[in-house]
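J.: Take any residue in the sequence shown, count from 1 to its spot, add 18: that is its number in my numbering.
Cβ coordinates follow ideal geometry from the N, Cα and C atoms, glycine included.
This structure is a prediction, so every number in the text was calculated from the model and none was measured.
Before we start, here is the structure in question, set down as structure tokens.
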Amino acid sequence: MSYKEFIEQQREEYPVLNEIAEVLSSDEKKNILVYSHDDPDGVAAAAILVRYLERAGHDYQVELPHTFELETDRVKGLLKEKGDQYDAIFIMDKGTLTQYDELTEVIEPVVVIDHHYTAGEPEDCLLYNPDGACCTGLQSHMLVNLVDETSDLDDFLALVALRSDWTIMPLKGIIPDFVEPFYEEVKDEWQNLLKPIKSRPTWMEIDQREETLLLNQISELYFAVSGGGFQYFYGDRDEELAQLDATELCFDEMLALDGSESALKGLSTLEDMIALSDRSDLVERIFDYFKSDWEWSLELFESAFHYGQLGPVDLYLFTGEDTPLMPMVGSVKLGKISRQHDDKPTVMVMANNDSEGGGHFSFRAVGDKIHLGRIADILSNQLAEEYNAPDMITGGGHALAAEVKIFLEDIEMAIPVTRLIEHLNKLYELAQAVEAGELDEAELEEAIELGLSYLEEE
Ligand SMILES: [Mn+2]
């Protein structure tokens with residue numbers, strides 16, 4: 019199926035796309051407020067959309083706040099200040115949340131473009147969250163194709179978004195069905211980004227470190243410059259960086275590639291890519307801080323230790339304070355540990371105290387024998403209840419990757435870490451009891467609920 023046919027198929031399956039196309043159409047001039055996620059996917063999605071809005075003669079304002087969920091009060095505040103000059107709001111890559119319905123009281127239409135799992139959909143918004151593995155950069159590319167044509171730079175940005183969000187892994191040959199029509203159409207044009215090279219591996223090379231892609235390196239660069247959705251900024255050690263919003267710099271850098279399409283297609287190294295920028299000194303500096311943090315954090319991860327065995331899985335624990343780039347570095351360390359043990363299923367549990375207040379647990383796995391999302395969900399709910407702070411303690415994820423974030427500034431880590439260890443110990447004891455054949459049917463069910471999903475196979 020061609021990409022065009024695929025988009026038509028989506029339009030039939032999701033008639034809301036016609037309504038969204040109506041909002042974007044150039045028949046009358048509009049002023050559109052765009053909120054997008056502060057990670058490379060969200061930033062690329064906003065860039066692709068804005069490039070179209072510019073061509074169509076619309077006015078727009080882009081906001082890239084440093085939270086994942088868009089707080090409705092933030093929008094209400096901005097609208098109060100700016101009056102009712104906007105004709106529509108786009109919320110991109112920022113979750114599919116029922117609370118977005120509230121915004122229809124202050125602005126309409128509210129367009130939600132997202133690809134994250136949702137427990138409940140907003141009903142009064144124009145929502146496009148299709149079935150199938152995709153990313154918002156590609157969704158934005160598809161939307162523009164409903165009303166106009168995309169060009170080489172849009173293709174480039176969508177590829178970066180897809181790789182940054184782990185939707186595609188070309189080095190491993192992983193291209194999900196949803197992405198295939200797009201990928202097949204553009205891949206020949208971008209062979210320079212997609213052919214394996216022996217060069218500095220990125221944090222995306224987890225199961226091997228010998229080869230990478232220029233696409234991976236560029237995606238990592240945008241991760242570093244944008245803060246990656248984890249707000250890893252470097253203003254604490256650089257006056258000039260303290261003065262600017264790095265996510266906005268990333269957005270500006272993407273837009274500034276307009277006119278450099280043939281140079282992009284001729285790129286052969288990351289240095290060539292950086293050299294295309296008018297602010298290459300700034301970009302390079304950020305990337306150098308990123309790399310030195312990476313080296314430092316990798317050293318810290320040498321202290322990760324074997325906590326115990328959960329059935330077929332090795333469980334490792336890492337604790338640290340202000341650990342930069344924690345889940346990314348932890349993933350690379352995890353991959354290394356697993357390879358050293360003949361690719362054994364392995365879980366890395368990471369606990370970080372933020373010395374400015376709050377803390378953060380990350381969970382990563384090789385192999386889906388333990389359901390990390392369940393563990394994070396149980397822990398975050400337990401802590402949210404204990405502290406009576408459901409908005410300030412959030413968590414969740416999927417089988418292979420999950421997070422618990424504690425935003426309470428005056429919190430000490432004693433209780434959260436105790437709850438974490440209690441949960442890990444419970445899993446450990448259950449796993450031991452399973453080995454000894456001591457669990458009945460109901461207890462086995464409970465063990466699976468708590469995260470020991472390898473028991474489902476038994
Ligand atoms: Mn995304």
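If G113 sits next to H134, beta carbons under 8 Å apart, how far is it from one beta carbon to the other, in whole angstroms?
T.: In the sequence shown, residue 113 corresponds to position 95, counting from 1. In the sequence shown, residue 134 corresponds to position 116, counting from 1. That belief holds up - the Cβ atoms of G113 and H134 are roughly 5 Å apart, short of 8 Å.
J.: Taking 6 Å as the limit between beta carbons, can you name the residues of its chain near A260, skipping five residues before and five after?
T.: Position 242 of the sequence shown holds residue 260. Same-chain partners within the cutoff: G253.
J.: Rounded to a whole number of angstroms, what is the C-alpha to C-alpha distance between D130 and Q450?
T.: Sequence index remark: in the sequence shown, residue 130 carries index 112 (1-based). Sequence index remark: in the sequence shown, residue 450 carries index 432 (1-based). Note that residue 130 corresponds to Val in the displayed sequence, not to Asp. Going by the C-alpha atoms only, they are around 46 Å apart.
J.: Please identify the residue among E26, F251 and V80 whose C-alpha is closest to the C-alpha of D306.
T.: Taking the sequence shown and counting its residues from 1, the one referred to as residue 306 is at position 288. Selected option, being the one with the closest Cα: F251.
J.: Hey, is the stretch 264-278 in contact with the stretch 218-235, meaning 3+ C-beta pairs nearer than 8 Å?
T.: no
J.: Identify whether I433 lies in helix, strand or coil by the three-state DSSP scheme.
T.: In the sequence shown, counting from the first residue as 1, residue 433 sits at position 415. Helix at I433.
J.: If I measure Cβ to Cβ from W314 and keep anything under 7 Å in the same chain, skipping five residues before and after, which residues do I get?
T.: If you number the sequence shown from 1, residue 314 lands on position 296. The residues are P342.
J.: With a threshold of 16 other CB atoms inside 10 Å of the CB of D409, please say whether the residue is buried or exposed.
T.: Counting from one through the sequence shown, the residue named residue 409 turns up at place 391. Exposed, since its Cβ has fewer than 16 Cβ neighbours within 10 Å.
J.: For a test of the three-state rule: what should DSSP assign to M366, helix, strand or coil?
T.: Against the sequence shown, residue 366 aligns to sequence position 348. Strand, per DSSP.
J.: In whole angstroms, what is the alpha-carbon distance linking N371 and D340?
T.: Within the sequence shown, residue 371 is the residue found at index 353, counting from 1. Within the sequence shown, residue 340 is the residue found at index 322, counting from 1. Distance between the alpha carbons of N371 and D340 is about 6 Å.
J.: Using alpha carbons as the reference points, say which of L156, A179, E427 and E447 lies closest to F241.
T.: Here residue 241 refers to the residue found at position 223 of the sequence shown. Ranking L156, A179, E427 and E447 by Cα distance to F241 puts A179 first.
J.: Along the chain, where does the beta strand (DSSP E) that runs through T412 open and close?
T.: Locating residue 412 in the sequence shown gives position 394, where the first residue counts as 1. For T412, the uninterrupted beta strand (DSSP E) segment begins and ends at I411 to G415.
J.: Enumerate in chain order the residues of its own chain whose CB-to-CB distance from L175 is below 7 Å, with the five nearest sequence positions on each side excluded.
T.: Here residue 175 is taken as the residue at index 157 of the sequence shown, counted from 1. For L175, where only same-chain residues beyond five positions count, the Cβ hits under 7 Å are A62, A65, I66, G155 and M272.
J.: Write down the C-beta distance between L470 and I396 rounded to the nearest angstrom, noting that I regard them as a contact closer than 8 Å.
T.: The residue labelled residue 470 in the question sits at position 452 within the sequence shown. The residue labelled residue 396 in the question sits at position 378 within the sequence shown. That pair is no contact at about 12 Å.
J.: Excluding sequence positions up to five away, which residues of its chain have a Cβ less than 8 Å from the Cβ of D172?
T.: Along the sequence shown, read from residue 1 onward, the residue named residue 172 stands at position 154. The residues are I66, R69, H159 and V162.
J.: I think D332 touches H359, with their Cβ atoms under 8 Å apart; what is that distance to the nearest whole Å?
T.: Here the question's residue 332 lines up with position 314 in the sequence shown. Here the question's residue 359 lines up with position 341 in the sequence shown. At roughly 7 Å, the Cβ-Cβ gap stays under 8 Å, so D332 and H359 are in contact.
J.: Please give me, in chain order, every unbroken run of the beta strand (DSSP E) with length at least 3 that falls completely inside the stretch 41-80.
T.: Runs of the beta strand (DSSP E) inside the stretch 41-80: 49-54.
J.: From K98, S244, T136 and R255, pick the residue whose C-alpha is nearest to that of E123; which is it?
T.: Translated into positions along the sequence shown, residue 123 becomes position 105. Residue K98 is the option with its Cα nearest to E123.
J.: Assuming T337 is part of the beta strand (DSSP E), what are its boundary residues?
T.: Stepping through the sequence shown from its first residue, residue 337 is reached at position 319. Element bounds for T337: V331 to E339.
J.: Regarding G506 and ligand 1, is the C-beta to nearest heavy atom distance less than 7 Å?
T.: Nothing in the structure corresponds to residue 506, since the chain is present only between 19 and 476.
J.: Less than 8 Å between the C-beta atoms of E81 and V52, yes or no?
T.: Position 63 of the sequence shown, counted from the start, is the residue given in the question as residue 81. Position 34 of the sequence shown, counted from the start, is the residue given in the question as residue 52. Yes, these two residues count as a Cβ contact at 8 Å.
J.: Could you have a look at A420 and say whether DSSP puts it in helix, strand or coil?
T.: Here residue 420 refers to the residue found at position 402 of the sequence shown. Three-state result, A420: strand.
J.: Relative to the alpha-carbon of S349, which residue among G191, K190, E320 and Y405 has its alpha-carbon at the smallest distance?
T.: Locating residue 349 in the sequence shown gives position 331, counting from the first residue. When each option's Cα is compared against that of S349, the closest is E320.
J.: Assuming the contact rule is C-beta atoms closer than 8 Å, T412 and A383 should be a hit. Round their C-beta distance to whole Å, please.
T.: The count along the sequence shown starts at 1 and reaches residue 412 at position 394. The count along the sequence shown starts at 1 and reaches residue 383 at position 365. The Cβ separation is near 20 Å, so there is no contact.
J.: Please name the residue or residues paired with A106 in a DSSP beta bridge.
T.: Within the sequence shown, residue 106 is the residue found at index 88, counting from 1. I50, per the DSSP bridge assignment.
J.: Assuming K216 and E198 are in contact, meaning their beta carbons sit under 8 Å apart, how far apart are those beta carbons, in whole angstroms?
T.: Working through the sequence shown from its first residue, we reach residue 216 at position 198. Working through the sequence shown from its first residue, we reach residue 198 at position 180. The Cβ separation is near 28 Å, so there is no contact.
J.: Can you confirm whether I433, when its beta carbon is compared against all beta carbons of chain D, has any partner nearer than 8 Å?
T.: No chain D is part of this structure, which consists of one protein chain only.
J.: Could you give the DSSP three-state label for R297: helix, strand or coil?
T.: The residue labelled residue 297 in the question sits at position 279 within the sequence shown. Reduced to three states, the DSSP call for R297 is coil.
J.: Taking the C-alpha atoms as reference points, what is the distance between L426 and G138?
T.: Within the sequence shown, numbered from 1, the residue matching residue 426 stands at position 408. Within the sequence shown, numbered from 1, the residue matching residue 138 stands at position 120. Looking at the two C-alpha atoms, the distance is approximately 26 Å.
J.: Of all the options I125, F86 and A369, which has the alpha carbon lying nearest to the alpha carbon of K100?
T.: Residue 100 sits at position 82 when you count from the first residue of the sequence shown. Comparing Cα positions, the closest option is I125.
J.: Can you tell me the Cβ-Cβ gap for A369 and L442, rounded? I've got them flagged as a contact below 8 Å.
T.: Looking up residue 369 in the sequence shown gives position 351. Looking up residue 442 in the sequence shown gives position 424. At roughly 10 Å, the Cβ-Cβ gap does not stay under 8 Å, so A369 and L442 are not in contact.
J.: Determine the burial state of T287: buried for a count of at least 16 other Cβ atoms within 10 Å of its Cβ, exposed for fewer.
T.: The residue given as residue 287 occupies position 269 in the sequence shown. T287 sits exposed, since fewer than 16 C-beta atoms from the chains shown fall within 10 Å of its C-beta.
J.: Can we count T265 as close to ligand 1, meaning its CB is less than 7 Å from some heavy atom?
T.: As a working mapping, residue 265 is identified with position 247 in the sequence shown. Because no heavy atom of ligand 1 lies under 7 Å away, the Cβ of T265 does not count as near it: no.
J.: Residues in its own chain within less than 8 Å of K11 by CB, not counting five upstream and five downstream?
T.: The displayed coordinates of the chain run from 19 to 476. Any statement about residue 11 would go beyond what the structure contains.
J.: So if DSSP puts I131 in a beta bridge, which residue, or which two residues, is it bridged to?
T.: Residue 131 sits at position 113 when you count from the first residue of the sequence shown. According to DSSP, which records beta bridges pairwise, I131 is partnered with M110 and Y146.
J.: Would the beta-carbon of L35 fall within 8 Å of that of Y146?
T.: The residue you call residue 35 lines up with position 17 of the sequence shown. The residue you call residue 146 lines up with position 128 of the sequence shown. A contact, by the Cβ cut-off of 8 Å.
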